[in-house]
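Sequential numbering from 1 applies to the sequence shown in UniProt numbering.
What follows is a single structure, written as structure tokens, with notes after it.
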Amino acid sequence: MNPACLRCLRYPLALRPSSQAPFRAFSTTSNLRTSIPTARDTQIVTLPDGRVLSYAEYGPTTGYPIFFFHGYPSSRLEAGPIAHLASRLGLRLIAPDRPGFGLSTFQPGRKITSWPADVSFLASHLGLVRFAVLGGSGGGPYALACAQALPHTQMSAVGVLAGAPPWEAGTKEVLWYSRLAAVAANYAPGALTVVGDAAVRGLRWVVEPEWVRCRLERWLEAVEKKEEQRRKENGGWTEEREHERSTEKDERQSLKTESRCDRLLPLLFEPFAQGAAASVQEAKLLTQSWGFRFEDVKYDRILIWHGTRDVNAPISMIRWMAARLPHCELRESDHTHFTLVDQLEEILAQLLPD
């Protein structure tokens, strides 16, 4: 389960069903909802080269702008489950789809270093003079690319949350299936795309029947309860969170049509709205050179939050990278790739200007 899905379970009322017509992936006859578009989470802008860049916004429009770069594979909707944090902190969270994900146009031959230009154009389109950026998981390298390429006066803060590791640091601790996927993406991208498309179609077919959705709903409820218990045991259960949960339960009673599936499935399927090609392309990009030397990233200062128990992005590889970034502060904690989300509100607050 990716971090977006876990956030959806932790903040269960962040995404709600919409009365608008849903987007569908791969099938025009399926009844399965694959996206929950609203006026703010499905916005587009046309880039100078004619491509479409889709993005979502959460929090007050007058709030301080923070660009959130989604994980891998994910989409702009990943920021939806933390919309209430944006409102609470008074920040304007802007989450763009990278090329080929969600509704953004696929870009053949793109590079990680191509991303800052898209971000700069979107910032100009939105009339932003100054902003912060935060890259989560697979979005981390893109935050560093912005730190390397964009004017330092334009960015007030650069953060990386459980970021993807640079493979040049050595892959000894990388999970075997991640190494296998990297080999396939680099040497057989066409075949991997076909397999990916088939897998997503198959998964959509599997979760289509109502009885499957009921079973999935019960399983998600169990996962949510387990997550709540984990946070209680780890001291993450506060009176504020207890009040939050009480409010959520009251709201849930008034939202009879809501289900955990309605919140989770859009996060799961939206990245593949145009197929698996973008995921295969990005797997290749993340496991090759990112296109810039860490020593050349002069932005002061880059904040990296990472868990020492992260098996998806081994801490040894992150330490290797942090040691080469001239102005980097690595903040380690006893978390996994997924439980680091417990600190998200604190992390967002630290990205706001004084």
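The C-beta atom is built at its ideal place from N, Cα and C for all residues, glycine as well.
In this text, all values refer to a predicted model and were calculated from it rather than measured experimentally.
Counting along the chain, where does the beta strand (DSSP E) carrying residue i start and finish?
i    : result
E332 : C328 to S333
F68  : Y64 to F69
Q350 : Careful: Q350 lies outside any beta strand (DSSP E), inside the alpha helix (DSSP H) at L344 to L351.
V119 : Segment W115 to H125 is the alpha helix (DSSP H) holding V119; no beta strand (DSSP E) there.
Around the Cβ of residue i, are there at least 16 other Cβ atoms within 10 angstroms (buried) or fewer (exposed)?
i           : result
N234        : exposed
L180        : exposed
I318        : buried
T61         : exposed
Q229        : exposed
T46         : exposed
R211        : Per the sequence shown, the amino acid found at residue 211 is Trp instead of Arg. Exposed: under 16 other Cβ atoms inside 10 Å.
A222        : exposed
E57         : buried
P81         : buried
Y187        : exposed
A198        : exposed
G90         : exposed
R301        : exposed
P73         : buried
residue 387 : Summary: the structure shown does not reach residue 387, with the chain confined to residues 1 through 354, and so no result is reported for it.
W176        : exposed
P209        : exposed
V297        : buried
D354        : exposed
V119        : buried
Please report how far the alpha carbon of residue i lies from the alpha carbon of residue j, in whole angstroms.
i    : j    : result
F269 : A79  : 15 angstroms
C328 : V158 : 10 angstroms
V194 : A276 : 8 angstroms
V207 : A191 : 25 angstroms
A185 : V174 : 16 angstroms
L286 : K226 : 32 angstroms
R213 : L220 : 10 angstroms
P326 : S137 : 21 angstroms
R331 : W305 : 5 angstroms
L344 : R215 : 30 angstroms
Q107 : K232 : 44 angstroms
R260 : R218 : 9 angstroms
V200 : D49  : 30 angstroms
R51  : S279 : 18 angstroms
G127 : L340 : 32 angstroms
R263 : S316 : 34 angstroms
G202 : G196 : 10 angstroms
W115 : P266 : 24 angstroms
K284 : A123 : 27 angstroms
W320 : W205 : 43 angstroms
I66  : D342 : 19 angstroms
C146 : E295 : 14 angstroms
P96  : F272 : 15 angstroms
S178 : R324 : 24 angstroms
If you follow the alpha helix (DSSP H) that residue i is part of, which residue opens it and which one closes it?
i    : result
L265 : R260 to F269
Y177 : W176 to Y187
Q281 : A277 to L286
H84  : A83 to L89
A322 : I315 to A322
Per DSSP, which residues does residue i bridge with? Please list them.
i    : result
L161 : G136 and W305
A95  : A56
R131 : Residue identity differs from the one stated: residue 131 is Phe in this sequence, not Arg. The partner list for F131 (beta bridge, DSSP) reads M155.
T45  : The amino acid occupying residue 45 in the given sequence is Val; Thr does not appear at that position. Answer is L53.
Please determine whether the Cβ atom of residue i lies at a distance below 8 angstroms from any heavy atom of the ligand HEM.
i   : result
L47 : Ligands in the displayed structure: none, and consequently the ligand HEM is not present.
Are the C-beta of residue i and some C-beta of chain B separated by less than 9 angstroms?
i    : result
Q281 : Although the question refers to chain B, the structure presented lacks it and comprises just one protein chain.
Would you be able to state if there are at least three C-beta pairs under 8 angstroms between the segment 149 to 157 and the segment 121 to 135?
-> yes
Would the segment 92 to 102 and the segment 164 to 180 be scored as touching if the rule is three or more Cβ pairs under 8 angstroms?
-> no
Say whether the segment 333 to 350 touches the segment 305 to 315, bearing in mind that this needs 3 or more beta-carbon pairs closer than 8 angstroms, one atom from each stretch.
-> yes
Would you say the segment 105 to 114 touches the segment 287 to 300, given that touching needs at least three Cβ pairs under 8 angstroms?
-> yes
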